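Below is one structure; the comments refer to it alone.
Chains as they are written, first to last, in this note's numbering: chain Y, 1 to 353; chain P, 1001 to 1353; chain G, 2001 to 2353.
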């Protein structure tokens, strides 16, 4: 039975170390937003722009900061950080199937692989020579784990994940379906107009507590390893090229592309669709807004953007035409400045005269 | 035998409710463009810019509008909308293998799953607890269908599609290889610089007659469902984040990325490479051109763009430099306007004098 | 044993046709950059900006051009093109597992498929009717090869590659995990606001010596074939729409999207994140920089760009606002020019007087 347990507010208050305000016997079986919550749901108020929904919520209880609880007549669980409390409690209500320990009979496991007995290996999984799967790891159905790769304790691979050979993964790492780790990067030497492939002999090193999104690709290093440090969060359809280094606790939203050998610092936030050229460095605590084209290193913490704002097509066509004439406009202004200086000085001359 | 049947023009005219002009015994075994058609092919003229190819086509017959048929000496099938007729007829010539009903012996099916006897389940497929597969559905080889997911009548999953748990799919839905539906979206709470994962406990709700392209990803909802309404068409490598809502009959070309909780209206067209920020709304009948960065809601139907036009690198460098100097140029023009006003008024003063 | 053999510099010099300078008995077991090399590693100097690392390298030997060898005191192998020599030698040190010939017992092979006895078919592979797999091809675990597809000699499919039906692949082609070749492109006819699917009845034709990256998608043709010519190199997460033609020896970096029916010439270089609209032509030897939006044909060889440079968000906001006022600025300058002309001519009048 995958239905999560029902909890009373008394039980929740104890579990969350929260102060209870209201009816402790109210039973909670789900989580929902203030607008969508039903009486069996717990909700939360984290962002003050949603306070307007508090009065009318049908939620059985609401996670609130002390400062928001005062005027609220419903049931409340009062905590220091409602969003963080919601984040932690959310796992209780997750209906994601948890596989039992053991190896599915259809999995194909190399004799030299070492699978911890508490690990779970799904249907159709293929595991090659020398692989090490640590305690409580779950490898989803139809995933592939290449030779000599390691997956640290409590890792989770969704179904249909690919790890090439020599990929080292830390503890508590989650990887969503379709992700490919350790693919051969884009390395070619040009020989008189034709491209000759360079073997990609480095590996991939992934730290602890990393999350990797669906259909994201991380190339192995050309010579040394591609490195994703502890606590990094990568969303879906991100492309990380060979020898990139992503620093601790940096988060990237979907569809980001990082070219080869670029180094990104710690605690950076890279919004969706950003592209970075290769061989640059981004310092710690940089924030890059969506779809920015990063063509040079970022050396100072702060927020960075490129691109133009959206317009109607009619206005945009005008802007685009104006942009092509911009160099000419600078020259016209320079000419005006010169002419005006002549006029002014000749006026000055005449008044001097 | 997968070769499509040959049809005479008489048979085709009857089937398509077309008026036949020419030799009804001409046999047709394929479809081709006007330029590439051979005598055994049927072609079509839908876009008037291709009319120039009509005179010289080698096609065995051409689908034509009444107005285009007058001067044409070859065989023709005259219909109201040649492109739509071609679209419908194209399926007759599709050599895509059709799997027979039944479950491949290598598939792994949970005992509690319900598979309609007219459905086809391919080699290596994994189906989890509580799944429902309706009549005439085809699940391609090596696909994965997570717990409690439903696939409506006549659905088609290409090989290697992933559905996570609790994904509800309507009737006649096609999903191309590598697509991932129901992945866990990018939800993290920041705790003193480190990211804590938020369980994604919503599902995905997909309507009838939806098409989903290769390697496209659709995240499950954080709390409630991500929704793809009836008739939506999604091309390859699109990323739909958690809690997005895409309205009926909206079409998106490849490589589009939609951030979390954004709502897109009905009958919109989103061209390739467009990115949208989260928590905005796009009204019905909006058209967004390729690679546009949508950073605010669109409230009026119409066409929208951003970005700059392509130039040679030499010109582009000049433009880029000029853009950085643009604020300065505005100040220089303001200064000129002031100086010129001074000159003009002093000139006026002197002539007054 | 997957550890590569150790070679002496004498052996390497002979193999690479290099001139040996230094200790021929030095043993080499790996490759590394000048900065990271240890005494058992061979390194190389290809780009003169790395010459500064030559003096202090700990490498057991360095591949050098004659001109760089003069002042170097360490062991060296002197060759005409160190980068190309490194590229070729890199394969010797590649620890990628090589599968033995034969068909894995868990593979599902149609009776009518022809698999060369020297080919290797991995665990869980599915091969449909009429497929032809040539000599020395390696099909990675869990890959899918659709009906009537052909893979030429010495091809390599990484694990979890999908080929739809009627995909013809030349010799020595490498395809990384998650790639999808032959998916059904985005073809729909609009019927009163609703989209009707057009069967995609063309195939895909891929030449010799092509490389295709992880999670890249190549759609089959709508009527005729999508074509990827000899020697083309495609990086990860590229999208190639139906009926695109990519010319010989063209290379595309990651995250490029090419819309339907566009023709790209030979020896082009398309940098990461570029998007191209459909139905255009790009001539031979075009170079398009990262994230450029290509909305028209390119008819002259050369380098092309679009987009704006990255700024701090504060500066970018100012630029964005200025861009919206740009049309107004042109009008102000025009007005200034007119007024100044009036002032100048009236001044001329007065001096004439």
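For every residue, glycine included, the Cβ atom is placed at its ideal position computed from N, Cα and C.
These numbers come from a predicted model, not from an experiment.
Helix, strand or coil at residue i according to DSSP, with G and I counted as helix
| i | result |
| --- | --- |
| residue 2286 of chain G | strand |
| residue 1216 of chain P | coil |
| residue 2353 of chain G | Bear in mind that the predicted position of residue 2353 of chain G carries a pLDDT of just 48, short of 50, making it unreliable; the figure below should be weighed with that in mind. Looking at residue 2353 of chain G - three-state DSSP - the assignment turns out to be coil, as it is neither helix nor strand. |
| residue 1292 of chain P | coil |
| residue 329 of chain Y | helix |
| residue 2269 of chain G | strand |
| residue 948 of chain P | Nothing about residue 948 of chain P can be read from this structure; chain P reaches only from 1001 to 1353. |
| residue 2357 of chain G | Only positions 2001 to 2353 of chain G appear in the structure, and residue 2357 of chain G is not among them; the question remains open. |
| residue 223 of chain Y | coil |
| residue 26 of chain Y | coil |
| residue 2010 of chain G | helix |
Nearest to residue i (by Cα), restricted to the options the options
| i | options | result |
| --- | --- | --- |
| residue 173 of chain Y | Y:182, Y:158, Y:166, Y:165 | Y:158 |
| residue 149 of chain Y | Y:136, Y:50, Y:163 | Y:163 |
| residue 2211 of chain G | G:2102, G:2186, G:2238 | G:2238 |
| residue 2262 of chain G | G:2228, G:2271, G:2253, G:2290 | G:2228 |
| residue 76 of chain Y | Y:43, Y:107, Y:236 | Y:43 |
| residue 2252 of chain G | G:2245, G:2242, G:2272 | G:2272 |
| residue 1199 of chain P | Y:129, Y:218, Y:32 | Y:32 |
| residue 2098 of chain G | G:2156, G:2039, G:2087, G:2131 | G:2156 |
| residue 1106 of chain P | P:1142, P:1249, P:1131 | P:1142 |
| residue 2257 of chain G | G:2264, G:2244, G:2275 | G:2275 |
| residue 1309 of chain P | G:2321, G:2295, G:2309 | G:2295 |
| residue 2247 of chain G | G:2152, G:2278, G:2286, G:2215 | G:2286 |
| residue 1196 of chain P | Y:208, Y:204, Y:181, Y:186 | Y:208 |
| residue 232 of chain Y | P:1130, P:1188, P:1081 | P:1188 |
| residue 24 of chain Y | Y:62, Y:290, Y:260 | Y:62 |
| residue 1104 of chain P | G:2110, G:2101, G:2177 | G:2110 |
| residue 137 of chain Y | Y:340, Y:299, Y:115 | Y:115 |
| residue 2175 of chain G | G:2193, G:2191, G:2154 | G:2154 |
| residue 1015 of chain P | P:1144, P:1333, P:1078 | P:1078 |
| residue 1259 of chain P | P:1180, P:1284, P:1241 | P:1241 |
| residue 2226 of chain G | G:2191, G:2250, G:2184, G:2267 | G:2184 |
| residue 2127 of chain G | G:2178, G:2112, G:2311 | G:2112 |
Residue interval of the beta strand (DSSP E) (run including residue i)
| i | result |
| --- | --- |
| residue 315 of chain Y | From DSSP, residue 315 of chain Y is part of no beta strand (DSSP E) but of the alpha helix (DSSP H) over 313-324. |
| residue 2304 of chain G | 2302-2305 |
| residue 76 of chain Y | 76-78 |
Proximity test, residue i beta-carbon vs the ligand PLP heavy atom, cut-off 7 Å
| i | result |
| --- | --- |
| residue 261 of chain Y | Absence of the ligand PLP from the depicted structure is noted, as is the absence of any ligand whatsoever, leaving it without description. |
Delimiting residues of the alpha helix (DSSP H) encompassing residue i
| i | result |
| --- | --- |
| residue 2254 of chain G | Unbroken run through residue 2254 of chain G: none, as it is neither H nor E. |
| residue 88 of chain Y | 82-90 |
| residue 2095 of chain G | Residue 2095 of chain G -> no alpha helix (DSSP H), and no H or E assigned at all. |
Interface flag, residue i vs chain B, CB-CB below 8 Å
| i | result |
| --- | --- |
| residue 1126 of chain P | Protein chains in the displayed structure are Y, P and G, and chain B is not among them. |
Open item on the list: So if I threshold CB-CB distances at 7 Å, which residues from the stretch 2254-2266 of chain G count as touching chain P?
Closed with: Within the stretch 2254-2266 of chain G, the qualifying residues are 2257, 2259.
Cβ-based contacts, 9 Å cut-off: residues of the stretch 2283-2306 of chain G near chain P: Listed by position, the residues of the stretch 2283-2306 of chain G near chain P (Cβ gap below 9 Å) are 2287, 2288, 2289, 2291, 2292, 2293, 2294, 2295, 2296, 2298, 2300, 2302, 2303, 2304, 2305, 2306.
- Query: Quick one: complete alpha helix (DSSP H) runs, 4+ long, within the stretch 1120-1206 of chain P?
  - Reply: Runs found: none.
Legend entry - Whole alpha helix (DSSP H) elements within the stretch 1030-1072 of chain P, 4-residue minimum: Runs of the alpha helix (DSSP H) inside the stretch 1030-1072 of chain P: 1066-1069.
- Would you list, in chain order, the members of the stretch 133-161 of chain Y that have their beta-carbon closer than 9 Å to a beta-carbon of chain P? Here the close residues are 140, 141, 142, 158, 159, 160.
- For the stretch 2319-2334 of chain G, which residues have a CB atom closer than 9 Å to at least one CB atom of chain Y, in sequence order? Listed by position along the chain: 2319, 2320, 2321, 2323, 2324, 2326, 2327, 2329, 2330, 2333, 2334.
Q. Closer than 7 Å, Cβ to any Cβ of chain P: which residues of the stretch 2179-2210 of chain G, in chain order?
A. Cβ contacts with chain P come from 2180, 2183, 2184, 2186, 2188, 2189, 2191, 2193, 2194, 2195, 2196, 2197, 2198, 2199, 2201.
task = Taking a Cβ distance cut-off of 7 Å, strictly less, list which residues of the stretch 2027-2039 of chain G are near chain Y, in chain order.
result = Within the stretch 2027-2039 of chain G, the qualifying residues are 2031, 2032, 2033, 2036.
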